[in-house]
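Residue numbers (my numbering): 4 to 438.
Ideal Cβ placement from N, Cα and C applies to all residues, glycine included.
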Ligand SMILES: [Zn+2]
């Protein structure tokens with residue numbers, strides 16, 4: 004959807020990176036290069052202008068970011084809901100498959116029962132066929148006996164009987180005939196009865212089979228319904244998953260856009276911090292320049308130096324090497340509790356050569372004042388909350404220059420106080436005494 008946008012943004016990031024490198028090169032204060040105070044001020048105001056533009060761009064990007072974050076949040080919510088829906092349908096499919104498996108087991112069981120009955124029917128049919136064969140055999144044999152009797156030399160059966168030697172013979176012959184007939188009748192009756200029974204059993208089996216088949220047919224119909232329902236659920240899962248994929252795609256796009264914006268944000272923040280650090284360096288350079296270029300014909304008035312904060316005596320950081328911060332501390336820090344807003348007094352009379360009332364939070368001296376006392380001597384009063392004087396102003400010893408504050412590189416209200424001779428930091432306690 005927004006591939007073009009992403010590409011465009013990527014391109015703009017590359018441009019910013021290029022500017023960044025150029026920025027670093029062109030703004031980096033070169034130690035060897037001797038700049039005039041005017042040139043340094045121009046550079047500082049140029050960096051401030053650039054940073055101002057960057058801050059404007061940054062606030063626009065931050066607006067875009069919060070918009071994208073909203074989009075992302077919405078996309079994430081939609082995606083979450085859709086995933087839940089997919090899970091819900093998957094769950095339904097799971098239970099439907101379970102129903103199908105259960106029904107299949109029932110159908111398999113019915114099929115097995117039907118098969119069993121079919122086997123029983125086959126056995127019954129075979130038995131019936133065997134008995135009917137026996138019956139047929141028996142009839143043939145009986146007919147044989149009868150035919151043999153009729154076809155003896157004596158002519159016919161009556162002839163057999165008539166040919167008997169005596170009445171006793173006749174009686175025996177008749178009895179034999181009768182027995183044969185009777186035995187055969189019993190045998191035949193039993194056969195018929197067995198066949199009848201088997202046929203009745205077979206009929207019962209067929210009825211049972213029909214019942215089972217009817218039940219199975221119902222289950223088969225149920226199975227068709229279940230399979231249809233499952234197919235519908237599968238379709239729902241498929242559609243829901245497609246929608247979830249779409250939402251995922253939207254989410255990924257918003258995420259990529261957000262990442263890109265955050266990259267731009269990081270880039271700008273980096274450039275701004277580089278600019279601020281450059282400003283800090285230039286201001287340091289400017290300050291050195293001003294402090295070193297004290298008015299050459301200004302006469303130094305011998306005599307005592309005043310303690311700039313009468314009644315305040317807590318030294319939170321001494322002059323000289325500070326092992327905690329691994330740096331040379333160029334002055335002393337006076338940091339009594341409740342000191343914020345106290346008037347800071349000029350340690351000696353002189354001309355104000357720096358009265359800095361704008362500052363970058365977290366950097367350098369913050370608001371500060373430098374007074375030129377002549378003879379190469381200057382005093383510096385840093386981290387003020389207010390500046391009372393202006394550059395070029397002549398101040399008297401003990402005159403308030405500003406108020407104690409916490410501006411610049413400072414963690415709690417304190418006065419950073421320096422005395423320099425020809426730009427070199429001196430230990431203030433070599434000049435002033437606490438009062
Ligand atoms: Zn300090």
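Do you know how far the Cα of residue j is from the Cα of residue i?
i	j	result
residue 29	residue 50	With a pLDDT of 29 at residue 29, under the threshold of 50, the modelled position of that residue is not reliable, and the figure given next carries that caveat. Each residue's alpha carbon lies about 10 Å from the other.
residue 76	residue 236	29 Å
residue 402	residue 328	33 Å
residue 203	residue 136	18 Å
residue 26	residue 54	In this prediction, residue 26 scores a pLDDT of 23, lower than 50, which makes its location untrustworthy; the coordinate-derived value is nonetheless stated afterwards. Using only the alpha carbons, I get a separation of about 11 Å.
residue 131	residue 105	39 Å
residue 250	residue 228	33 Å
residue 33	residue 300	At residue 33 the pLDDT is 42, less than 50, meaning the model places this residue with poor confidence; the figure from the coordinates comes in the next sentence. The alpha-carbon atoms of residue 33 and residue 300 are separated by roughly 30 Å.
residue 247	residue 261	21 Å
residue 338	residue 331	19 Å
residue 89	residue 255	19 Å
residue 157	residue 140	The predicted position of residue 157 is uncertain, since its pLDDT is 48 and thus under 50; a value taken from the coordinates is nonetheless stated next. Each residue's alpha carbon lies about 27 Å from the other.
residue 127	residue 193	17 Å
residue 181	residue 145	13 Å
residue 224	residue 231	11 Å
residue 306	residue 324	28 Å
residue 40	residue 80	58 Å
residue 177	residue 211	50 Å
residue 238	residue 71	33 Å
residue 431	residue 419	11 Å
residue 226	residue 83	34 Å
residue 38	residue 364	25 Å
residue 426	residue 295	5 Å
residue 67	residue 264	8 Å
residue 58	residue 87	42 Å
residue 195	residue 150	23 Å
residue 78	residue 253	7 Å
residue 243	residue 74	21 Å
residue 122	residue 209	11 Å
residue 400	residue 277	39 Å
residue 273	residue 414	23 Å
Taking only three categories from DSSP, how would you classify residue i?
i	result
residue 330	strand
residue 77	helix
residue 403	strand
residue 26	Reliability of the predicted coordinates at residue 26 is poor, the pLDDT of 23 falling under 50, and the value obtained from them is presented with this limitation in mind. It is helical.
residue 356	strand
residue 381	strand
residue 277	helix
residue 414	coil
residue 37	coil
residue 226	helix
residue 119	helix
residue 143	helix
residue 325	strand
residue 347	strand
residue 429	strand
residue 423	strand
residue 437	coil
residue 254	helix
residue 302	coil
residue 83	helix
residue 64	helix
residue 388	strand
residue 198	helix
residue 307	coil
residue 371	strand
residue 181	helix
residue 408	strand
residue 339	coil
Please report the Cβ distance between residue i and residue j, rounded to the nearest whole angstrom; I am assuming they are in contact, meaning their Cβ atoms lie under 8 Å.
i	j	result
residue 335	residue 382	With 8 Å as the limit, residue 335 and residue 382 do not qualify as a contact, their Cβ atoms being about 12 Å apart.
residue 459	residue 379	As displayed, the chain neither begins before 4 nor continues past 438, which places residue 459 out of reach and without an answer.
residue 267	residue 64	5 Å
residue 298	residue 377	7 Å
residue 293	residue 373	7 Å
residue 134	residue 198	5 Å
residue 359	residue 368	7 Å
residue 61	residue 271	5 Å
residue 205	residue 124	6 Å
residue 285	residue 43	5 Å
residue 357	residue 394	7 Å
residue 120	residue 222	Their Cβ separation, rounded to whole angstroms, is 16 Å, which puts residue 120 and residue 222 out of contact at 8 Å.
residue 390	residue 370	5 Å
Contact shell at 5 Å, judged by CB to any heavy atom of ligand 1, ordered along the chain: 336, 419
Three or more C-beta pairs below 8 Å linking the stretch 342-356 and the stretch 388-407: yes
Contact between the stretch 110-120 and the stretch 202-216 (3+ Cβ pairs under 8 Å): yes
The stretch 426-438 touching the stretch 307-319, judged by at least three CB pairs closer than 8 Å: yes
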